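S.K.:
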Amino acid sequence: MVQLMEYSLFTTFFCYLLSTIAFVTAVTGKGSRVGKEVHTRIWGRRGIVLAMIGVALHVVFIVVRVMIGGHFTSNMFEFIAFLCFTIVASFIVIFFLYRTVTLGAFVMPLSVIMLGYASVFPREVEPLIPALQSYWLHIHVTTVALGEGALAVGFVAGLVYLIRWVGDNRMSRTATWLEVIMAVILMVVGFVLTSFIFGAMDYQASFRHSVEGKAVVQEYHMPAIAGPYEGKTVQADSFLGMKEPLFAIPSWMEGKEAARKLNSVIWSVLSGLLLYTVLRLTIRKRIYEMLYPLVKHLNLETVDEISYRAIAIGYPIFTLGGLVFAMIWAHEAWGRFWGNDPKEIWALVTWLFYSAYLHFRLSKGWHGLKSSWMAVGGFVVILINTIFVNLVIAGLHSYA
Amino acid sequence: MENTKCECGHNNPVGTVLCEHCGKPLDERGDRPDQPLDMRYEGKARRSQTKKASLVDRVWNFFSSVKVAIWLILITLVLSALGTVFPQKQFIPSNRPEVYYAQEYGFWGDLYYKLGLYDVYESPVYIALLASIGISLVICSLDRVLPLYKALKNQQVKKSPVFIARQRVTRTETVSSEEKEALLDRLAEQLSRKYYNIRRDGDSILAEKGRFSRWGPYINHIGLILFLFGVLLRHSIPGWYLDETVFVREGETKKLPGLNYYIENKKASAELYDSEEIPMGSKNGQNVVKKYETQAVLYEKNKDTGELKEVKKGSIIVNHPMKYDDVELFQSDFSTETRAIVLNVRDQKKDRIVDTFKVNLFDPKEEYRLKEGLKVTVLDYFPDFALENKRLENGKKVSIPITKSEYPNRPAFIFKVNAPGLKKPEKSWMISGTNLDDVNKENRFAMELKTLKTVNVSGLMVRVDKSLPIIFLGGIISMIGLVMGFFWHHRRVWVRWEEGTLYIGAHTNKNWFGLRRELEDASKKAEYPLSFSPEQR
Ligand code: HEM
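The listed protein sequences correspond, in order, to chains A and B. For the first sequence, UniProt numbering begins at 1 and goes up steadily by one. For the second sequence, UniProt numbering begins at 1 and goes up steadily by one.
1. Does the Cβ-Cβ distance between B:ARG234 and B:LEU329 come in under 9 Å?
2. When DSSP builds the beta bridges, which residues end up paired with A:MET242?
3. Taking B:LEU242 and B:THR338 to be in contact with their CB atoms under 8 Å, please state how far apart those CB atoms are, rounded to whole angstroms.
4. Excluding the 5 residues preceding and the 5 following B:TYR262 in the sequence, name in chain order all residues of the same chain whose CB lies nearer than 6 Å to its CB.
5. Output yes if chain B places a C-beta closer than 9 Å to the C-beta of A:ALA356; else output no.
6. Report all residues from its chain with a CB closer than 6 Å to the CB of B:ILE135; omit the five preceding and five following residues, and keep chain order.
7. If you draw a straight line from the C-alpha of A:GLN133 to the C-alpha of B:SER275, how long is it?
8. Within the continuous alpha helix (DSSP H) that includes A:ILE53, where are the two ends?
9. Is DSSP giving B:GLU523 helix, strand or coil here?
10. Based on the DSSP secondary-structure assignment, which residues constitute the bridge partners of B:ALA446?
11. Comparing the C-beta of A:ILE80 with each C-beta of chain B, is any distance below 9 Å?
12. Within a Cβ cutoff of 6 Å, which residues of the same chain sit near A:GLY395, ignoring the five residues on either side of it in sequence?
13. So for B:ASP57, helix, strand or coil by DSSP?
14. Is the shortest distance between the beta-carbon of B:GLU479 and the beta-carbons of chain A less than 9 Å?
15. Excluding the 5 residues flanking B:ARG537 on each side, which residues of the same chain have their C-beta closer than 7 Å to its C-beta?
16. Name the DSSP beta bridge partners of B:ASN389, please?
17. Under 8 Å by Cβ, that's how I've got B:ILE70 and A:ALA356 pegged, so tell me the actual separation to the nearest angstrom.
18. With respect to the alpha helix (DSSP H) encompassing A:ASN263, which residues constitute its N-terminal and C-terminal limits?
19. Compile a chain-ordered list of the residues in the segment 325–339 of chain B whose CB is closer than 9 Å to at least one CB of chain A.
20. Helix, strand or coil for B:SER332, going by three-state DSSP, please let me know.
21. Is it the case that the Cβ atoms of B:TYR196 and B:GLU178 are separated by a distance below 9 Å?
22. Is B:PRO13 helix, strand or coil when you go by DSSP?
23. Relative to the ligand FMN, is the shortest distance from any of its heavy atoms to the C-beta of B:TYR121 smaller than 8 Å?
24. Can you check whether the C-beta of B:ILE471 is within less than 9 Å of a C-beta belonging to chain A?
25. Just the C-alpha distance for A:PHE79 and A:ILE311, rounded to the nearest angstrom, thanks.
26. Rounding to the nearest angstrom, what Cα-Cα distance links A:PHE61 and B:ARG168 in this structure?
27. So, helix, strand or coil for B:PRO161, using DSSP?
28. Measure the C-alpha to C-alpha separation of B:PRO161 and B:GLN155 and round it to an integer number of angstroms.
29. Starting from A:HIS138, follow the alpha helix (DSSP H) in both directions and report where the run begins and ends.
30. Where do the N-terminal and C-terminal ends of the alpha helix (DSSP H) with A:ILE328 fall, by residue?
31. Could you check the C-alpha separation between A:ARG336 and B:GLY230 for me, to the nearest Å?
32. Quick one: is A:SER32 buried, meaning 16 or more other Cβ sit within 10 Å of its Cβ, or exposed?
33. May I ask you to check if the CB of A:GLY368 is nearer than 8 Å to at least one heavy atom of the ligand HEM?
34. With distance defined between alpha-carbon atoms, name the residue in B:VAL288, B:GLU264 and B:GLY306 nearest to B:ALA270.
35. Applying the criterion that 16 or more other CB atoms from any shown protein chain within 10 Å of the CB defines a buried residue, is B:TYR324 buried or exposed?
36. Taking Cβ positions only, does B:ASN319 come closer than 9 Å to chain A?
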């Protein structure tokens, strides 16, 4: 069983990767033999079929995991992997509504990154604590993730809009900010890559220090650039001759894992910047300029509509899962439908943000550019809630 | 009031953008003929645009503005997010926020406290924001829904060619008068196959579908209003909301605070996962709780006789509260309390146990008479023992024993033991969890802890929330509105033939791509293929 689960996850990842390649081929290839249009259609079909096989295998993974552990969304690995599933599923829906091959060339890489990111977290099946033993957990988390998946597709379409728009307006502020977004995405890629590389090397280090008077040991799986405040090295594998942290974090950074988290962030930023520099030096262009040829044939109005449509599909589903079901469950589990827990508050923030987005679109001049920026911003809010709140602000929902 | 007259002869109220009758744009100022028409609210005048004089009108206009609504939403958003920077008042392990935040988070913590962000969700500003959103929802909906309803109900089939040609999706074709009748028939037929409602008026067609989706946002807003109203009620009507906690020991019956009910705790238990169920290296360690359960009986007290009548019996588990009438009981806390200690008295000279006795920690006796004439007297008892440092007047420091609370968290006793054959009574110290052999080493009789008698205590949340039905009804209505508004679309197609020209124009509130495809398909099936792609415009 466990084998089957591991295999299905691995093949899912592989299908998403192949689908990415197919979609990118579809929009980049010239199709010298069959002509551009036929080429795009054929490779687009291959891409969507691969994505669908991937989703089917992903369902197998989920089913097997439920059979083993009775649940599939209770820790960081499970949730992010599921979010990746909903993103691909929403994309498939949008694809059949709009037949947009180009979008696939952007959504599928995102799903590959997400699945890679998910596997960085511990993958064991953990038993559920009493507060999580409720069928509402599954209903709530699945609907939230389904909604967020559609909203994420809205984000990708927004990004495509921006790349397309910037191609015609190179000297704008939008161009600069778009490049910043690209660099940040590369940092996430960098985080996944460094985690895998050091994981494969089986890098280990641990440091002893004290938190509120108690001695604790922090385990690192990446070489320590930032070490704990007043920490002592217990053991550290050597990395490029480096055995001690380069610096210790200041004392005001609280939390028992603060140093390790900051260290991961530093690695992500550095590796992202490295990737960025290498890319810039090899292609001799800005990243969005490299991507522009993929999107230049697109009609701006249609891209805007796709982004809006994905959000219009995601918003009601998110409302149902993130607020209505969340309140019902919170009521059953804790006796109050609302408790001002950081996770709940950020669900509210996400919802208010998209409500503002929808109302902005009612007024003139908010379609297109501004709207696409808001679609991007909305996804940032979602990421804050799924990642930042879990890892940094602890609350009742914190499971990582 | 002054009216605006259209070329078609219809009198429109001031503020009308598009003639109510034929749809021709009325207000030429600021209108760009090369741009599609602004179709919001069908170009009808709203109250907020027609009346501007009195204070009521100004308040009305303020709250009916979507811009204001967006600001209200955004400010609420920012405040909500700021409230998660540091823990809120209710989550801090201290009841002195004025020092806690500064101590724990320094300058920013102090600022956080001073700005009131430490309790932002209960702050007047936040509540006022929610109330304003509620008012805004009521007013903006009233302001728009009636004009919209009237406009959609009284639609004319025959629209001005200008109106049709200036839709976002539009074609103008030359069609001779011989062809037109059959073409109009075929178009109407094909559109009706796509579930459009068809109305005809001479050479004009109005095809429409999904009008009901236009009410979606308003139904959603009504749901939200109901929700906010419910939240308001629970805080303002006495008896509608109760939030208390009771701690009941096994075997004990306790009154529920503020209610005429009593709860008996028959048995409270905690179950752990088997070690096989926990993966290796689990971050939770090996003791993971599987289940907390209280078997309980709920009684109602008869007001006249004072008798307790059983009304409900069953188990209370996390996620499975006990519900009776309006009262809900939730398993929220579980602990184990030491009720009593059982002590052996050992005669160290003869090295044998003389007797065993039990001390109830909540109600110790003054004196215990044991076998062989042994008499144990309790000189002093500290349920929650601690030592406090004191400085005497002569400057010497001493430690004196105190108790921190009434609860036997760390019971300590000073006993006096007397037995026939003892020259004088012995003093014997006993502090749980501490080895006092040194202190008591002179004694002949030693107190040895045999066992602890423990009892499980359940913490139960007691809730009454009579506004829940209203709140959840609001949520359901809101969801219905959202689904109506987002998963269906309002589409209209106007067709008009006039003097050798066929005008086709279409409007939708969402999903233009789908509308275009639908029109292309319909025109193809009507044997008059037209392209509506945006590039053609
Ligand atoms: C948190 C509170 C609110 C939520 C969640 C909300 C939600 C929505 C949604 C989902 C729509 C549909 C948007 C679309 O079709 O794209 C909508 C439309 C609308 N909302 Fe709100 N709304 C809120 C508050 C308000 C307020 C306070 C106003 C007051 C001015 C307002 C005015 C409108 C208007 C005028 C429409 C357009 C209706 C139409 O298309 O006919 N909303 N609202």
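Heads up, the beta-carbon is just placed ideally off N, CA and C, and yes, glycines get one too. Keep in mind the model is a prediction, meaning the values are calculated, not measured.
M.R.: Working from what's here:
1. Stepping through the second sequence from its first residue, residue 234 of chain B is reached at position 234. Stepping through the second sequence from its first residue, residue 329 of chain B is reached at position 329. At the C-beta level, B:ARG234 and B:LEU329 stay beyond 9 Å of one another.
2. The residue labelled residue 242 of chain A in the question sits at position 242 within the first sequence. The beta-bridge partner set that DSSP reports for A:MET242 consists of A:PHE239.
3. Along the second sequence, one-based indexing puts residue 242 of chain B at 242. Along the second sequence, one-based indexing puts residue 338 of chain B at 338. Contact between B:LEU242 and B:THR338 does not hold, since the beta-carbon distance rounds to 31 Å and is not under 8 Å.
4. Sequence index remark: in the second sequence, residue 262 of chain B carries index 262 (1-based). In its chain, beyond the 5 residues on either side, THR253, LYS255, TYR299 and LEU308 have a beta carbon closer than 6 Å to the beta carbon of B:TYR262.
5. The residue labelled residue 356 of chain A in the question sits at position 356 within the first sequence. Yes, contact with chain B.
6. Residue 135 of chain B sits at position 135 when you count from the first residue of the second sequence. PHE63.
7. The residue you call residue 133 of chain A lines up with position 133 of the first sequence. The residue you call residue 275 of chain B lines up with position 275 of the second sequence. Rounded to whole angstroms, A:GLN133 to B:SER275 spans 18 Å at the Cα level.
8. The residue labelled residue 53 of chain A in the question sits at position 53 within the first sequence. For A:ILE53, the uninterrupted alpha helix (DSSP H) segment begins and ends at 36–69.
9. Mapped onto the second sequence, residue 523 of chain B falls at position 523. Reading the sequence as shown, one finds Ser at residue 523 of chain B and not Glu. In this structure, B:SER523 counts as helix in the three-state DSSP scheme.
10. Counting from 1 along the second sequence, the entry for residue 446 of chain B is found at position 446. For B:ALA446, which the question treats as bridged, DSSP gives the partners B:ARG346.
11. As a first step, residue 80 of chain A must be located in the first sequence, where it is residue number 80. False, the Cβ-Cβ gap to chain B never drops below 9 Å.
12. To locate residue 395 of chain A, count along the first sequence from 1; it is residue 395. Confidence in A:GLY395 is poor, its pLDDT being 41 and thus under 50, which makes the residue's placement too unreliable to answer from.
13. In the second sequence, counting from the first residue as 1, residue 57 of chain B sits at position 57. In the structure shown, B:ASP57 sits in a helix (DSSP, three-state: H, G or I).
14. On the second sequence, position 479 is the one that residue 479 of chain B refers to. One detail in the question is off: residue 479 of chain B reads as Met in this sequence, not Glu. Yes, B:MET479 lies at the interface with chain A (some Cβ there is under 9 Å from its Cβ).
15. One-based indexing of the second sequence puts residue 537 of chain B at position 537. With a pLDDT of 34 at B:ARG537, under the threshold of 50, the modelled position of this residue cannot be trusted; read the value that follows with caution. Correct list: empty, nothing qualifies.
16. Your numbering for residue 389 of chain B matches position 389 in the second sequence. Answer by DSSP bridge pairing, in chain order: B:SER399.
17. Along the second sequence, read from residue 1 onward, the residue named residue 70 of chain B stands at position 70. Along the first sequence, read from residue 1 onward, the residue named residue 356 of chain A stands at position 356. Between A:ALA356 and B:ILE70 the Cβ distance is about 5 Å, and since that is below 8 Å, they are a contact.
18. Numbered from its first residue, the first sequence carries residue 263 of chain A at position 263. Unbroken alpha helix (DSSP H) run through A:ASN263: 258–283.
19. Listed by position, the residues of the segment 325–339 of chain B near chain A (Cβ gap below 9 Å) are GLU328, LEU329, PHE330, GLN331 and SER332.
20. Translated into positions along the second sequence, residue 332 of chain B becomes position 332. It is a strand residue.
21. Position 196 of the second sequence, counted from the first residue, corresponds to residue 196 of chain B. Position 178 of the second sequence, counted from the first residue, corresponds to residue 178 of chain B. No; because the gap between Cβ atoms is not below 9 Å, this pair is not in contact.
22. The residue given as residue 13 of chain B occupies position 13 in the second sequence. In the structure shown, the three-state DSSP call for B:PRO13 is strand.
23. No copy of the ligand FMN occurs in the structure displayed; its ligands are the ligand HEM alone.
24. Working through the second sequence from its first residue, we reach residue 471 of chain B at position 471. For B:ILE471, the answer is yes, since a Cβ of chain A falls inside 9 Å of its Cβ.
25. Taking the first residue of the first sequence as 1, we reach residue 79 of chain A at position 79. Taking the first residue of the first sequence as 1, we reach residue 311 of chain A at position 311. Across the structure, A:PHE79 and A:ILE311 are spaced so that their CA atoms are roughly 20 Å apart.
26. Translated into the one-based positions of the first sequence, residue 61 of chain A becomes position 61. Translated into the one-based positions of the second sequence, residue 168 of chain B becomes position 168. Taking the straight line from one Cα to the other gives about 46 Å.
27. In the second sequence, residue 161 of chain B corresponds to position 161, counting from 1. Correct three-state label for B:PRO161: helix.
28. As a first step, residue 161 of chain B must be located in the second sequence, where it is residue number 161. As a first step, residue 155 of chain B must be located in the second sequence, where it is residue number 155. Spanning the two alpha carbons is a distance of roughly 15 Å.
29. Within the first sequence, the letter at position 138 stands for residue 138 of chain A. A:HIS138 -> alpha helix (DSSP H) spans 135–168.
30. The count along the first sequence starts at 1 and reaches residue 328 of chain A at position 328. First-last of the alpha helix (DSSP H) with A:ILE328: 326–334.
31. Position 336 of the first sequence, counting from 1, holds the residue named residue 336 of chain A. Position 230 of the second sequence, counting from 1, holds the residue named residue 230 of chain B. If I take the Cα positions, the gap works out to 14 Å.
32. In the first sequence, residue 32 of chain A corresponds to position 32, counting from 1. Under the 10 Å beta carbon count, A:SER32 is surrounded by fewer than 16 other beta carbons and is classified as exposed.
33. For the purposes of this step, residue 368 of chain A is taken as residue 368 along the first sequence, with counting starting at 1. Result no, Cβ not under 8 Å from the ligand HEM.
34. Residue numbering aside, residue 270 of chain B sits at position 270 when the second sequence is read from its first letter. Just measuring C-alpha positions, the residue of B:VAL288, B:GLU264 and B:GLY306 sitting nearest B:ALA270 is B:VAL288.
35. Within the second sequence, the letter at position 324 stands for residue 324 of chain B. Classified as exposed, B:TYR324 has fewer than 16 neighbouring CB atoms from the shown chains inside 10 Å of its CB.
36. The sequence position of residue 319 of chain B within the second sequence is 319, counting from 1. It does; some Cβ of chain A falls within 9 Å.
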